[in-house]
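Colleague: The following block contains the structure, expressed as structure tokens.
Numbering (mature numbering (1 follows the signal peptide of the UniProt record, and there is no 0)), first residue to last: -18 to -1, 1 to 204.
Structure follows, in structure tokens:
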């Protein structure tokens, strides 16, 4: 019996660590809900509500694709925290005002470290974007004057230019990091023509060509 209990404990341990579990604390989260999206989907895979201590725990699916990128969106913030699948248990902490930038009490792999560098670089744009979305509701409801609508459209165009500029600066400074692929897929491709996206994709360093996420991006250009 003792042997069976020990074996069961071992199996449970293996099962837990064969997946990716994230224990998190988002200070200032005030009971908000985090929605988790799998790569390439527009509907949440699951969601989790922050408890009274602004903490949450989530286990990502065992059938995750190789180098699959998950997006964590929190109520009231339009920017997703990106995370590529990495087996193990991770303890992260951040502040709602600085989402999607987080700190990890564990050592993240190089891919996830590069994504956090990208999030920190883009944080000023994220904060501006959240303000723009508040104005967007007025724009959609046709509650702006003609002059306000013109100014709003100019602000959107300027913000899009800033996104592309930030993306180019990051990719130039960190040309071989995994976050380049995440930026291309999530920041650049929605804003540029297919021809321009293909040109940027083809200019990526050769070290990406064996990466599974790179190969899935390539399917968009076939």
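Where a beta carbon is used, it is the ideal one built from N, C-alpha and C, also for glycine.
In angstroms, rounded to a whole number, what distance separates the CA positions of residue 197 and residue 126?
Modeller: The residue you call residue 197 lines up with position 215 of the chain shown. The residue you call residue 126 lines up with position 144 of the chain shown. Cα to Cα, residue 197 sits roughly 44 Å from residue 126.
Colleague: So for residue 17, helix, strand or coil by DSSP?
Modeller: Translated into the one-based positions of the chain shown, residue 17 becomes position 35. Three-state result, residue 17: strand.
Colleague: My guess is that residue 86 and residue 160 are in contact by the Cβ rule of under 8 Å, so how many angstroms apart are they, rounded?
Modeller: In the chain shown, the residue the question calls residue 86 occupies position 104. In the chain shown, the residue the question calls residue 160 occupies position 178. The Cβ separation is near 16 Å, so there is no contact.
Colleague: May I ask you to list the residues that DSSP assigns as paired with residue 2?
Modeller: Taking the chain shown and counting its residues from 1, one reaches residue 2 at position 20. Its beta-bridge partners are 42 and 70.
Colleague: Does residue 153 come out as helix, strand or coil in the three-state DSSP assignment?
Modeller: As a working mapping, residue 153 is identified with position 171 in the chain shown. Looking at residue 153 - three-state DSSP - the assignment turns out to be helix.
Colleague: Please return the same chain residues whose Cβ sits closer than 6 Å to the Cβ of residue 63, not counting the five positions on each side in sequence.
Modeller: Along the chain shown, one-based indexing puts residue 63 at 81. Around residue 63: 54 and 82.
Colleague: Apart from the five residues on each side of it in sequence, which residues of its chain come closer than 6 Å, Cβ to Cβ, to residue 169?
Modeller: In the chain shown, residue 169 corresponds to position 187, counting from 1. Cβ within range, chain order: 145 and 149.
Colleague: Near residue 101, which residues of its chain fall below 6 Å by C-beta distance, leaving aside the five closest residues on each side in sequence?
Modeller: Residue numbering aside, residue 101 sits at position 119 when the chain shown is read from its first letter. Taken in chain order, the residues that qualify are 82 and 83.
Colleague: Counting Cβ pairs, one atom from each stretch, are 3 or more of them under 8 Å apart for the region 104 to 118 and the region 32 to 40?
Modeller: no
Colleague: How many Å lie between residue 164 and residue 22 at the Cα?
Modeller: Sequence index remark: in the chain shown, residue 164 carries index 182 (1-based). Sequence index remark: in the chain shown, residue 22 carries index 40 (1-based). Each residue's alpha carbon lies about 12 Å from the other.
Colleague: Helix, strand or coil: how does DSSP classify residue -14 here?
Modeller: As a first step, residue -14 is located in the chain shown; it is residue number 5 there, counting from the start. Residue placement at residue -14 cannot be trusted, given a pLDDT of 42 that sits under 50; what the coordinates show is reported in the next sentence. Helix, per DSSP.
Colleague: Sorted by chain position, which residues of the same chain lie with C-beta nearer than 6 Å to residue 120's C-beta, five sequence neighbours on each side aside?
Modeller: For the purposes of this step, residue 120 is taken as the residue at position 138 of the chain shown. The residues are 126.
Colleague: Pull the bridge partners of residue 28 from the DSSP assignment, please.
Modeller: What you label residue 28 is simply residue 46 of the chain shown in a count that begins at 1. For residue 28, which the question treats as bridged, DSSP gives the partners 18.
Colleague: What did DSSP end up calling residue 87 once you bin it into helix, strand or coil?
Modeller: Translated into the one-based positions of the chain shown, residue 87 becomes position 105. Three-state DSSP puts residue 87 in coil, outside helix and strand.
Colleague: Under three-state DSSP, which class holds residue 168?
Modeller: The residue you call residue 168 lines up with position 186 of the chain shown. The three-state secondary structure of residue 168, taken from DSSP, is helix.
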